[in-house]
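This report concerns only the one structure given below.
In the numbering used here, the protein residues as written are 472 to 828.
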């Protein structure tokens with residue numbers, strides 16, 4: 472168990488998670504404001520998966536909505552929604568919640584998990600349910616393993632709280648939550664995926680908070696030394712710098728459920744096209760695939776800061792980095808939920824290391 476109470480470390484986690492969020496994952500600035508409050512109030516505990524007992528129950532809180540709605544929210548509003556949702560789910564389960572796990576990596580959704588653990592006075596597990604960020608509720612390791620994500624609770628800023636005891640399929644589950652978020656100004660807060668310790672040890676991708684901390688620290692220290700930040704990030708990710716240029720076209724549209732569309736970046740290598748559905752999912756270099764989901768496509772600015780999809784504008788300079796997805800997403804079941812064909816592309820998945828090689 473590690474006590475995480477230094478604001479620098481907590482901010483590093485948010486910055487690192489925002490890189491791994493591949494354009495999504497929620498507001499970085501709001502996430503930073505939450506973790507600064509955590510540091511002011513004494514910090515929180517992070518535990519490795521191995522410290523969970525079989526009887527422990529952990530849950531996953533997260534924001535749902537379009538990246539176009541990833542606006543600033545008041546801490547008090549989020550605190551009330553979290554308290555309501557977690558208390559309601561605990562009552563349904565008939566057992567006290569033992570800890571928290573992040574649903575995904577991202578400036579908002581990793582920070583809200585950290586904040587929930589702090590509010591409860593419970594530990595957060597060093598891991599998450601995605602190893603990156605993804606646009607749909609399908610993209611959870613719980614679905615790869617066939618583990619129910621219900622019972623669950625959604626609390627909306629419009630004042631509604633809904634309990635979902637059971638769903639027939641993920642499409643129905645997603646439709647309910649997306650519609651509630653849409654009717655609530657574009658976002659709501661969900662707490663779901665109650666996991667007992669024994670199951671959690673199988674389902675959770677471990678070590679991702681530590682990885683986020685490492686990446687955030689790499690950025691901060693490289694910047695302080697005047698070192699090449701992109702090179703440092705590529706090395707820390709065991710990834711590849713695949714492109715550098717200027718955004719010349721962006722047709723992203725906020726549907727109220729997702730921020731979706733395509734962007735084109737032009738540079739000395741030609742043109743890089745990227746398909747976006749909250750996250751950067753597919754990339755083509757001069758019309759040929761260069762990165763396929765679930766592998767990671769990361770955009771950063773000249774200072775090494777993550778460029779989220781809701782920040783993309785024509786004229787923006789960007790460097791594009793790619794890295795491997797967690798192994799679970801490269802399995803046949805993982806690709807069924809997170810591969811190119813899941814998003815309507817007529818491609819069999821090819822790992823990024825083969826495409827860039």
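Note that the Cβ used here is the ideal one computed from N, Cα and C, for glycine as well. Every value quoted in this text rests on a predicted model; they were computed, and no experiment measured them.
Could you round the C-beta distance between residue 727 and residue 789 to whole angstroms and report it? I think they count as a contact, below 8 Å.
-> With a Cβ gap of about 26 Å, residue 727 and residue 789 do not count as contacting.
Could you tell me which uninterrupted beta strand (DSSP E) segments, each at least 3 residues in length, are contained entirely in the segment 555–600, listed from first to last along the chain?
-> Correct list: 570–573, 595–599.
Any idea what DSSP makes of residue 704, helix, strand or coil?
-> Assignment of residue 704 by DSSP, reduced to helix, strand and coil, places it in the helix class.
Spatial distance of residue 588 from residue 563 (CA atoms) = Here the alpha carbons of residue 563 and residue 588 stand approximately 19 Å from one another.
Could you name the residues that DSSP lists as bridge partners for residue 641?
-> In DSSP, residue 641 forms no bridge with anything.
Which residue comes first and which comes last in the beta strand (DSSP E) that contains residue 771?
-> Counting along the chain, residue 771 sits inside the beta strand (DSSP E) bounded by residues 767–771.
Using the C-alpha atoms, what's the distance from residue 763 back to residue 793?
-> Roughly 10 Å separates the two Cα atoms.
Contacts around residue 787, its chain only, beta-carbon distance under 8 Å, and the 5 residues preceding and following it disregarded = Closer than 8 Å at the Cβ level, and outside the excluded window around residue 787, lie 717, 718, 772, 778.
Span of the beta strand (DSSP E) around residue 529 | Per DSSP, residue 529 belongs to the beta strand (DSSP E) from 528–536.
Report yes or no: do three or more beta-carbon pairs, one from the segment 679–687 and one from the segment 593–604, lie closer than 8 Å?
-> By the Cβ rule, the segment 679–687 counts as touching the segment 593–604, because three or more pairs are nearer than 8 Å.
is_contact[residue 704, chain B] using C-beta, thresh 8 Å = Judged by its chain identifiers, the structure shown contains no chain B, having just a single protein chain.
Alpha carbon of residue 770 to alpha carbon of residue 638, nearest angstrom | Using only the alpha carbons, I get a separation of about 36 Å.
Under the DSSP definition of a beta bridge, which residues are partnered with residue 516?
-> BP columns for residue 516 point to 474.
Name the residue from 801, 734, 697, 743 whose alpha carbon lies nearest to the alpha carbon of residue 712.
-> Ranking 801, 734, 697, 743 by Cα distance to residue 712 puts 743 first.
Put residue 668 into one of helix, strand or coil per three-state DSSP.
-> In the displayed model, residue 668 falls within a helix according to three-state DSSP.
Residue 626 in three-state terms, based on DSSP = In the structure shown, residue 626 sits in a strand (DSSP, three-state: E or B).
Using the Cα positions of residue 657 and residue 650, report the straight-line distance between them to the nearest angstrom.
-> Their Cα atoms are separated by approximately 9 Å.
Where residue 806 sits in the DSSP three-state scheme | The three-state secondary structure of residue 806, taken from DSSP, is helix.
Counting pairs of Cβ atoms below 8 Å between the segment 664–674 and the segment 684–696, do you hit three or more?
-> Contact fails: fewer than three Cβ-Cβ distances are below 8 Å.
Ignore the nearest five residues each way along the sequence and tell me which others in residue 811's own chain have a CB closer than 7 Å to its CB.
-> Excluding positions up to five away in sequence, the list reads 753, 763, 764, 818, 820.
C-alpha distance - residue 828 paired with residue 761, whole-angstrom precision | For residue 828 and residue 761, the distance between alpha carbons rounds to 10 Å.
Any idea if residue 739 is buried or exposed, counting beta-carbon neighbours within 10 angstroms, 16 or more meaning buried?
-> Residue 739 is exposed by the Cβ-count criterion.
Check the DSSP bridge columns for residue 822 and list the partner residues they point to.
-> DSSP lists no partner for residue 822.
Can the beta-carbon of residue 570 be found closer than 8 Å to that of residue 780?
-> Result no, Cβ atoms of residue 570 and residue 780 do not sit closer than 8 Å.
Inside the segment 680–768 only - beta strand (DSSP E) runs reaching at least 3 residues = Correct list: 711–721, 730–738, 741–748, 750–756, 759–763.
In three-state DSSP terms, what is residue 484?
-> Residue 484: helix per DSSP, three-state reduction.
Hey, would you say residue 507 sits closer than 8 Å to residue 767, going by beta carbons?
-> Their beta carbons are not under 8 Å apart, which means residue 507 does not touch residue 767 by this criterion.
Looking only at its own chain, which residues have a Cβ that is under 7 Å from the Cβ of residue 610, when we skip the five neighbours before and after it?
-> Excluding five sequence positions before and after residue 610, the CB atoms of its chain that fall closer than 7 Å to its own CB belong to 601, 808, 809, given in chain order.
Cβ atoms of residue 533 and residue 615: under 8 Å apart, would you say?
-> Not closer than 8 Å, so no.
Grab the span of the alpha helix (DSSP H) containing residue 510 for me, first residue to last.
-> Bounds of the alpha helix (DSSP H) holding residue 510 are 499–511.
For residue 663, three-class secondary structure by DSSP = Strand, per DSSP.
Would you report the Cα separation of residue 517 and residue 593, rounded to the nearest angstrom?
-> Cα to Cα, the separation comes out at about 9 Å.
Beta-bridge partners of residue 658, as assigned by DSSP | 536, per the DSSP bridge assignment.
Taking the DSSP output, what are the residues bridged to residue 789?
-> Paired residue(s): 716.
Pairwise C-alpha distance: residue 500 and residue 580 = Annotation: residue 580 to residue 500 spans about 12 Å, alpha carbon to alpha carbon.
Exposure of residue 512, with buried meaning 16 or more beta-carbon neighbours within 10 Å = Per the 10 Å Cβ criterion, exposed.
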